[in-house]
Amino acid sequence: MSQFTQAVPVPRRRGSGALLLLGSCLPVLGGVLIAPVLPRIAEHFAGTANVGVMVPIVLTLPALMIALFSPFAGWLSDRIGRKRLLVLAMLLYGICGPLPLLLDDLNVILLSRAGLGLAEAAIMTCCTALIGDYYDGRERVQLLSWQTIVTSLSATAFFMLGGLIGEHGWRVPFALYIVGLVFAPLMHLALSEPLRRASAVVQAQQLREFPLRSLSVICAMTILVALGFFIVPVQTGFLLEHIGIDSPQRIGMAIGLGHSAVFLGALLFRRLSRFGPGLLLALGFLISGAGILMLANAADYRTVILAVMVNGLGGGLALPTVLSWALSTLSIEHRGKGTGLFNAGFFGGQFASPLLVMALSGVADGRVGAVALVGWGLLLAALVSLIAPAIAGKRLLDPIQVADDLVLH
10 MSQFTQAVPV PRRRGSGALL LLGSCLPVLG GVLIAPVLPR IAEHFAGTAN
60 VGVMVPIVLT LPALMIALFS PFAGWLSDRI GRKRLLVLAM LLYGICGPLP
110 LLLDDLNVIL LSRAGLGLAE AAIMTCCTAL IGDYYDGRER VQLLSWQTIV
160 TSLSATAFFM LGGLIGEHGW RVPFALYIVG LVFAPLMHLA LSEPLRRASA
210 VVQAQQLREF PLRSLSVICA MTILVALGFF IVPVQTGFLL EHIGIDSPQR
260 IGMAIGLGHS AVFLGALLFR RLSRFGPGLL LALGFLISGA GILMLANAAD
310 YRTVILAVMV NGLGGGLALP TVLSWALSTL SIEHRGKGTG LFNAGFFGGQ
360 FASPLLVMAL SGVADGRVGA VALVGWGLLL AALVSLIAPA IAGKRLLDPI
410 QVADDLVLH
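If you read the sequence shown in our numbering, its first letter stands for residue 10, the second for the next number, and so on.
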């Protein structure tokens with residue numbers, strides 16, 4: 010491992026991996042849980058100015074906050090410690106998340122959602138960085154693929170749960186955000202704070218520059234992954250209405266099946282992870298783009314189901330690929346900041362996905378044509394991904410390498 014001696018880490022505390030996987034689900038909870046009750050929120054605040062604009066922002070504002078503040082959260086985690094920041098973020102999550110239970114002003118609710126987004130930025134960044142700190146080699150690859158699997162399946166479950174409990178009132182789903190107050194003490198007790206190695210080895214490590222070139226390429230590819238990944242949850246309902254299907258149950262089932270296929274893509278990543286990120290991304294973009302083109306041209310419900318599952322398969326392969334690639338470039342002193350930039354790219358792509366479709370609708374054949382253009386764009390991205398490793402300073406077939414450079418206490 011070059012000129013640096015390898016640390017012998019203190020064993021991780023039992024259950025830390027499972028706790029980090031569960032913690033990674035909370036930012037997902039922040040987005041999809043209240044989606045089914047948005048119409049009821051709009052109805053409740055019907056007398057508020059610009060309610061048609063403000064209510065959708067209630068859903069998307071946390072994702073925007075994650076995109077904007079993840080780099081800062083990463084920088085802060087490198088300074089004050091990941092465990093400490095994660096526990097504080099869980100407390101903020103558990104306080105800001107349930108506030109709409111008590112609020113009756115849409116502007117103040119938006120402020121509470123902004124606070125929730127700040128917490129989610131730190132939670133997602135710290136959970137991912139700690140996985141990078143705690144695990145190395147094949148273990149890290151497996152945990153990152155499981156992170157994709159667990160968060161995708163939780164999105165399906167939270168979407169259904171939000172609709173179920175939302176039948177009892179639009180405020181009720183917000184009560185679940187109090188779970189952050191449960192996670193905070195658990196993480197304080199179960200997690201270990203990674204430490205940089207002491208003495209001259211640390212000083213030598215700190216001379217290593219931040220891998221800006223590599224991470225810029227990875228973040229650009231991550232934005233493309235996110236743009237395609239969020240076509241299904243945002244656009245499927247509208248495309249089903251276009252072919253005469255407007256049942257919320259059938260729309261929800263289609264989106265849920267698309268998320269379930271992400272599980273299969275993540276399992277495929279685990280089998281193919283020995284290949285370089287360029288080839289894996291090319292395959293992921295190819296599959297995802299094909300699914301989106303099928304979705305844009307679907308004329309019946311069965312074809313839509315097949316299309317969203319194909320897209321989910323490609324996304325499930327591409328997402329852990331870019332995440333593993335990002336972590337493999339980051340030494341411990343840069344891992345927080347680098348993970349924050351990765352999350353900014355992913356959630357920025359999530360926020361931009363519907364805006365891109367809206368913009369393309371003006372030059373294409375409406376929404377259907379715009380979605381098709383995104384599909385063609387992902388096929389082009391498959392070609393670009395073959396040269397991305399070279400731009401980042403790697404050869405196409407170089408596997409993702411990881412190194413252990415920390416101790417725990």
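For every residue, glycine included, the Cβ atom is placed at its ideal position computed from N, Cα and C.
Opposing strand residues paired with residue i [DSSP bridges]
i      : result
Pro182 : Bridge partners of Pro182: none, in fact.
Cβ-based burial, residue i [other Cβ within 10 Å; buried from 16]
i      : result
Leu216 : Confidence at Leu216 is low in this model, with a pLDDT of 48, below 50, so the placement of that residue should be treated as unreliable; the coordinate-derived value is given next. Result: exposed.
Asp114 : exposed
Ile89  : exposed
Ile341 : buried
Pro220 : buried
Glu52  : exposed
Arg23  : exposed
Gly32  : buried
Met74  : buried
His177 : exposed
Ser256 : exposed
Asp309 : exposed
Ala209 : Because the pLDDT at Ala209 is just 41, under 50, the model does not fix this residue reliably, and the value given afterwards should be weighed accordingly. Result: exposed.
Gly253 : exposed
Met133 : buried
Met367 : exposed
Trp385 : exposed
Ala98  : buried
Val319 : buried
Ala327 : buried
Gly285 : buried
Pro48  : exposed
Gly171 : buried
Leu392 : exposed
Supposed close pair residue i, residue j - CB separation, criterion 8 Å
i      : j      : result
Ala8   : Ser25  : The requested residue 8 is not part of the displayed model; the chain covers only 10 to 418.
Gly358 : Ala235 : 3 Å
Pro71  : Leu111 : Not really, about 19 Å apart at Cβ, beyond 8 Å.
Asp261 : Met169 : What sits at residue 261 in the sequence shown is Gly, not Asp. Yes, they are in contact, since the Cβ atoms of Gly261 and Met169 sit about 7 Å apart, within 8 Å.
Ile227 : Ala123 : Between Ala123 and Ile227 the Cβ distance is about 28 Å, and since that is not below 8 Å, they are no contact.
Leu382 : Phe294 : Not quite, the Cβ-Cβ distance comes to about 15 Å (not below 8 Å), so this is no contact.
Thr338 : Ser154 : Not quite, the Cβ-Cβ distance comes to about 18 Å (not below 8 Å), so this is no contact.
Cys135 : Leu94  : 6 Å
Glu129 : Pro36  : 4 Å
Ile43  : Val64  : In fact, because the Cβ distance is near 10 Å, the residues do not count as touching under 8 Å.
Ile330 : Thr137 : Strictly speaking, residue 330 in this sequence is Thr, with Ile absent from that position. Wrong, their Cβ atoms sit about 14 Å apart, outside the cutoff.
Arg279 : Gln151 : 6 Å
Ser370 : Gly321 : In fact, because the Cβ distance is near 24 Å, the residues do not count as touching under 8 Å.
Phe54  : Val62  : Wrong, their Cβ atoms sit about 12 Å apart, outside the cutoff.
Met230 : Ala397 : 6 Å
Cβ pair residue i, residue j closer than 8 Å
i      : j      : result
Met196 : Val96  : yes
Ala390 : Leu266 : no
Gly103 : Ile187 : yes
Leu139 : Arg91  : yes
Ala131 : Ala82  : yes
Gly189 : Leu100 : yes
Gly325 : Gly300 : no
Leu395 : Ala307 : no
Leu289 : Leu302 : no
Val313 : Ala164 : no
Val317 : Ala263 : yes
Arg147 : Gly141 : no
Gly298 : Gly375 : no
Val377 : Ile240 : no
Phe183 : Gly246 : no
Asp87  : Lys346 : yes
Phe356 : Ser79  : yes
Leu304 : Leu248 : yes
>> With three or more beta-carbon pairs closer than 8 Å as the criterion, would you say the region 62 to 71 touches the region 153 to 172?
In response: no
>> Closer than 8 Å is the cut-off here; do at least three beta carbon pairs connect the region 271 to 278 with the region 349 to 366?
In response: no
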